[in-house]
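All remarks here apply to the structure that follows.
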Amino acid sequence: MQLRNFLSMTILTDTETGERMKMSYKPKSVFRLYTDSNIDDTCRVELFKPYTLDACGFNSSHPLAIIIHGWSSLWEKCICLGAHISGFAGSNLAVSGKTLGRITGLDPVGPLFEGMSHTERLSPEDARFVDAIHTFTQERMGLSVGIKQLFAHFDFYPNGGSFQPGCQLHVQNIYAHLAQYGIMGFEQTVKCAHERTVHLFIDSLLNKDKQIMAYKCSDNTAFEKGYCLDCRKNRCDTLGYDIKKVRTGTSKRPFLKTRSHMPYKLFHYQIRIQFINQTDKIEPTLTVSLTGTTGRNPMWAKMWSMLKTMIPWAKSSRGPQLTVGKITVKNTDDRLPSQMMEVLKADHYRFIRNQLHTHIEIKG
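Counting from 4, one number per residue, gives the positions in the sequence shown under the numbering used here.
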C-alpha cells in the first residue's frame, strides 16, 4: 500500500500548548492513495477529513510508504524538495512523541539547504533510519543541484555522486555545453542525472536478483583507486529498498559504480596478488582474462587503459612493505599454460592467494 503525498503541511500555534489548531484554508497539497486492489488508479484523500481514508480503502495494518515530490516552477520535475519536507514531517512528529521508521532522500536539493543547521534540512534525527542517494552534486558557480554534504546514516554516492553515465554531458565545461546544445539540452542533462536516483531506487524493487552493492570509503578518489572493496565489518551495504538498516553515530559514505541503464548493477572486481621478496631480478608476465556466462566480455578490452592502481600492503601494517616499480599488462589471445590459483569469493570481488602466476582467469 502506498500513499503519494505531494506536500504535507501541519500548522502549529502557541495559543494552546501541545494542541494542533486546524486552520481554515484551502490546501494546495494533493494526497493520492494507491492500494493493491487498485494499482492503476488512485483515490484522493482530503486533508483533515479522516473518513476519506476509509472511503479509499486504507488499511492501517499494511506497510505504508509515502512518496513526497517537491517541485518548483523554475526546474519542473527537476529540483526535489521532497526529502527535506520529509525531514520537517519527521521532526514535527517527534514533538508529539512519534518517530518515522525510515526516510530515503533521493538526491535532495542543495541550494538553500547546503551547510544549514540540521533543524533546517533532512537529518538523521528525523527518523529511526535515514539514507540518501546522491546522483548530481556537480558544483558550478558555488552551487550544485543535489546537496553534497553528509546528512543521513548512509549517504550513497553512485559513480562518485557528481554525475551519472548515459546523461550525455559531452563537454565537461558547462558553458561550452550550453553553447553547443542550448538551454533545453542542458536542462535535459541535469534532469537525467538528478532523476537517476529515482530509477536506482526503482531498480532495487524490480530487480531483486541484481541488488547493487556499495562500499564504504573516505572519498571517491580512494574508491577509484580500489582501497575500499571490502565487506568485512559491515563495510558494504545494498543500495535501495533492501539496505541493512544499521544506525551509526557518524554518517557512512558508500560508493559504487553503475551501468547507464536498468538493471544498473555492475560487478566490482578486485585482484590482490601477494608478492614474495626476491633477491634476484625477475620479469614475470601477467595476463588476465574475464569469462562470463556468455563468453568473453567485449568491454574487457577497454579495461586495460584503466588498470592504473597498484596497492602494496602487508598483513601487519596498512603501510606499504613491498613496492612494485612497474607492472605491464598486455591484452593478448595467446593460450598460455593455465596455472589456476585458489580464488575465494567475498561478495562481488575475489581474493587471489598464490604468490606468483603466469595467467589469471576470472570467471563470472
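Cβ atoms here follow ideal geometry from the backbone N, Cα and C, with glycine treated the same way.
Item                                                                                                                                            : Value
Where DSSP assigns a beta bridge to C59, which residues make up the other side?                                                                 : None; C59 has no bridge partner.
Throw me the rounded Cβ distance for the G243 and S207 pair, which I believe falls under 8 Å.                                                   : 2 Å
Roughly how many angstroms lie between the CA atoms of T224 and K248, to the nearest whole one?                                                 : 26 Å
Under 8 Å: do the stretch 148 to 160 and the stretch 59 to 71 share three or more Cβ pairs, one atom per stretch?                               : no
Distance check for C59 and S40, CA to CA, integer angstroms please.                                                                             : 11 Å
Following the continuous alpha helix (DSSP H) through T107, name the residue where it begins and the one where it ends.                         : Taken as a continuous stretch (DSSP letters only), T107 belongs to no alpha helix (DSSP H), being part of the beta strand (DSSP E) at 103 to 109.
I'd like the list of long-range same chain contacts for L269, defined as Cβ closer than 7 Å, with 5 residues on each side in sequence excluded. : K260, T261, R262
Compare the beta carbon distance of D240 and P257 with 7 Å and say whether it is the shorter of the two.                                        : yes
Looking at C-alpha atoms only, which residue of A130, D43, T200, R235 is the closest neighbour of P168?                                         : T200
Is the beta carbon of L56 less than 7 Å from the beta carbon of C46?                                                                            : no
Tell me the rounded alpha-carbon separation between S165 and L115.                                                                              : 18 Å
Can you have a look at Y54 and say buried or exposed, based on whether 16 or more other CB atoms are within 10 angstroms of its CB?             : exposed
Going by Cα to Cα distance, which pick from V193, N95, L232, H121 is closest to Y272?                                                           : L232
L96 by DSSP, collapsed to three states: which one?                                                                                              : helix
Could you tell me which of I215, F139, L96 sits nearest to P111, measuring between CA atoms?                                                    : F139
Would R131 and G90 be called neighbours here (beta carbons separated by less than 7 Å)?                                                         : no
For L84 and L125, I'd like the C-alpha separation in whole angstroms.                                                                           : 10 Å
With which residues is G149 paired in a DSSP beta bridge?                                                                                       : V112
Starting from T38 and walking both ways along the beta strand (DSSP E), at which residues does that stretch end?                                : 34 to 38
Please tell me whether I2 and D129 are closer than 7 Å, where the distance is taken between their beta carbons.                                 : This structure does not reach residue 2, given that the chain is present from 4 up to 367, and the question cannot be answered.
I need the straight-line Cα distance from K52 to S32, nearest angstrom please.                                                                  : 13 Å
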